[in-house]
Each structure stands twice: as C-alpha cells, then as structure tokens.
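**Student:** Quick one: structure below, then a few questions.
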Amino acid sequence: MKSSTDGNAASAPPQPAGKAGDLKLRVLSALVMAPVVLAAVWAGGWVLRALLVAAALLAVAEWVNLVPSTRRSAALLSSGAGVVASLVTLIALGAGAAVGVAALFILVVALAGGGRDRTLLGIGVFYVSLGLIGLDWLRDRPDDGLALFLYAMLAVWATDIGAYAAGRSIGGPKLAPRISPKKTWAGLIGGMVSAGLAGWAVAEVAGAAQPLLALLVAAMSAVVAQAGDLFESAVKRRYDIKDSGHLIPGHGGILDRIDGLLVAAPVLALFHATIGTAVSWW
24 MKSSTDGNAA
34 SAPPQPAGKA
44 GDLKLRVLSA
54 LVMAPVVLAA
64 VWAGGWVLRA
74 LLVAAALLAV
84 AEWVNLVPST
94 RRSAALLSSG
104 AGVVASLVTL
114 IALGAGAAVG
124 VAALFILVVA
134 LAGGGRDRTL
144 LGIGVFYVSL
154 GLIGLDWLRD
164 RPDDGLALFL
174 YAMLAVWATD
184 IGAYAAGRSI
194 GGPKLAPRIS
204 PKKTWAGLIG
214 GMVSAGLAGW
224 AVAEVAGAAQ
234 PLLALLVAAM
244 SAVVAQAGDL
254 FESAVKRRYD
264 IKDSGHLIPG
274 HGGILDRIDG
284 LLVAAPVLAL
294 FHATIGTAVS
304 WW
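Taking the numbering used here, the leading residue of the sequence shown gets 24, the next gets one more, and so forth.
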C-alpha cells in the first residue's frame, strides 16, 4: 500500500519522456487503488480482512515466484495456508499465538517447497503473515483502531513520497549502494521528516494524548519501513529481478508496494501494546 512514488527512485536523474509516462501510469494506478483501500480501511471488520488476506495471498505468491524452489505448487499451497492460518489464529487466540503459527510455517514452507534457498522461501510466509497480523491487530483496537491503522499506512506513504522528493532534489551519499543503488541518506531523512509530519497530523486529528511523541514514532517507522524495502530489494537483487510481479500497472507487484508496511505495521503494533501503553501515547 505504498504511495505512487517509490523511495527506490530517490536519487534518480531527471526522467526522459518514457519514464515520465511511467510515472503518470503509477499515479493513475494509485488514484484507482487508493479509494478502494481507504473504503475498506474505513469499513474495517471482514471487509478489510478480505482485502488484507487477498493482498497477503498475492504477496506470498510473488515471493514463491521470486525465490526458486523444487516444488513450486507445494510452496504456493503451504504459503497460502500459512497466511490463512495466521489470521484465523489471530482472531481465535490472539496475536502471540498467531506469530507462533506464522513462524512455524517457515519450516512448513521450506520443507514443502525445497530447493537450495528453502529457508529464505519459508521466511516469505512469515514476513507477509507478520504484516497481516500487525495490520489487522491495529485496526481491531476497539476505540482507536481506525486512527492507528491510518497512522501506520499514511506514515509509510509519506516515507516514500518524502524519500523520493529529498533524494531527487538533494542526492548525496548512497544509503545501501550494493542493495538499492538509488537510495540516499538524504532520501531516508526526507522520508523520516515526511512520515513524522504525517503521523503528527493524524495524531492531532485523532486527539492523541501525545502528538509530539507520535511524530517521533512515525519518524522511526520510516526507518523500519525503509528496512523492509531494503530487505525485499536485497532478495530481488540476489535473483537479478527488477519487480516482484506485474500486477499493478507502473508499480510492479503487490509485494513491491507493501514491503515497507509489512515490517512497519507489526513493529508499531508491538510498540503500541507495550511501551505505548505504558506512556499512554495515544
């Protein structure tokens, strides 16, 4: 659920006509998707869960296509089962048990799929399921679930936009040149600033107890989201693949769009359930 701009292009040179056209396609795709996503987030409940499960199933399918295996069909089926089992466990037994089930499916998928990189293959279902657990847990908070979900999602969107803008306008030293050559430190800082402001705005509108703390948490969420982005980029670079898929015109695959959110959401959920509760930040 990333925004229409991508931190991977943070320090790219001025775009030629072809790339400008691609940017327009990405913006149009985002404009089509955004109302659907926001409507489901607003509705919550099983409407949102249906969207989250659909996105998670597509994401693990892309992961299985990305990481080689000797039994691809078995890897697909076990990965899908892991996603569904994680959500069912979350609803029935809570987040702790759901994380345990997601971790168990690392082994299940690795054994089912086989191959030289079977452990990495199994990690994919944990990576995606953990994001699903975090997002559903945030939205399911009885009093402030909608605000917390929007806080997480908009902070990640703002991270991508801020990183893109700062990287293009400032440039400078590369963040992780061996993994994602176009990312810069300026882009990361720009993403943190943008995410902090977005988080602060949501906190103010929601009437959070400590909006300034919400600003700091959102800024740190930008770092976590960039880490998720770099993780997927490292896997794609390992197999010399540009995009995880071609589902979304101008954007690539669903995994390319939600890689940062998959990591940022569970980290935010953990913070809210522990330190956040202790300091009454929201």
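Here a beta-carbon is modelled for each residue, glycine too, at the ideal position from N, C-alpha and C.
(1) Could you give the DSSP three-state label for SER303: helix, strand or coil?
(2) Does the stretch 196–211 touch the stretch 220–240, meaning 3 or more C-beta pairs lie closer than 8 Å?
(3) Roughly how many whole angstroms lie between the Cα atoms of LEU143 and LEU155?
(4) Using a Cβ-Cβ cutoff of less than 8 Å, which residues in the same chain neighbour ALA242 once the five nearest sequence positions on both sides are dropped?
(5) Within the same chain, show all residues whose beta-carbon is closer than 6 Å to that of THR182, passing over the 5 residues directly before and after it, in chain order.
(6) Identify, in the order they occur along the chain, each residue of the same chain with its Cβ nearer than 7 Å to the Cβ of PRO289, setting aside the five sequence neighbours on each side.
(7) Going by DSSP in three states, SER203 sits in which element: helix, strand or coil?
(8) Quick check on this structure: which residue in LEU171, ALA170, THR300, LEU253 has the alpha carbon closest to the alpha carbon of ILE202?
(9) Going by DSSP, which residues form a beta bridge with LYS197?
(10) Report the three-state DSSP secondary structure of LEU108 (helix, strand or coil).
(11) Would you mind working out which of GLU227, ASP159, ALA296 sits nearest SER109, comparing C-alpha positions?
(12) Once you ignore the five residues that flank GLY103 on each side, which residues in its own chain have a CB closer than 8 Å to its CB?
(13) Across the stretch 180–197 and the stretch 122–137, are there enough close Cβ pairs to call them in contact, namely three or more that are closer than 8 Å?
(14) Below 8 Å on the Cβ atoms is my guess for LEU278 versus GLU255; work out the distance and round it to an integer in Å.
(15) Near VAL131, which residues of its chain fall below 6 Å by C-beta distance, leaving aside the five closest residues on each side in sequence?
(16) Drop a sphere of 10 angstroms on the beta-carbon of SER303, count the other beta-carbons inside from all chains shown, and report buried for 16 or more, exposed for fewer.
**Tutor:** Taking the geometry as given:
(1) coil
(2) no
(3) 19 Å
(4) MET215, VAL216, ALA218, GLY219, GLY222
(5) GLY214, ALA218, ALA245, ALA248
(6) LEU153, GLY154, ILE156, GLY157
(7) strand
(8) LEU253
(9) THR207
(10) Note that residue 108 is Ala in the sequence shown, not Leu. Three-state DSSP puts ALA108 in a helix.
(11) ASP159
(12) LEU80, VAL83, ALA84
(13) no
(14) 6 Å
(15) SER101
(16) exposed
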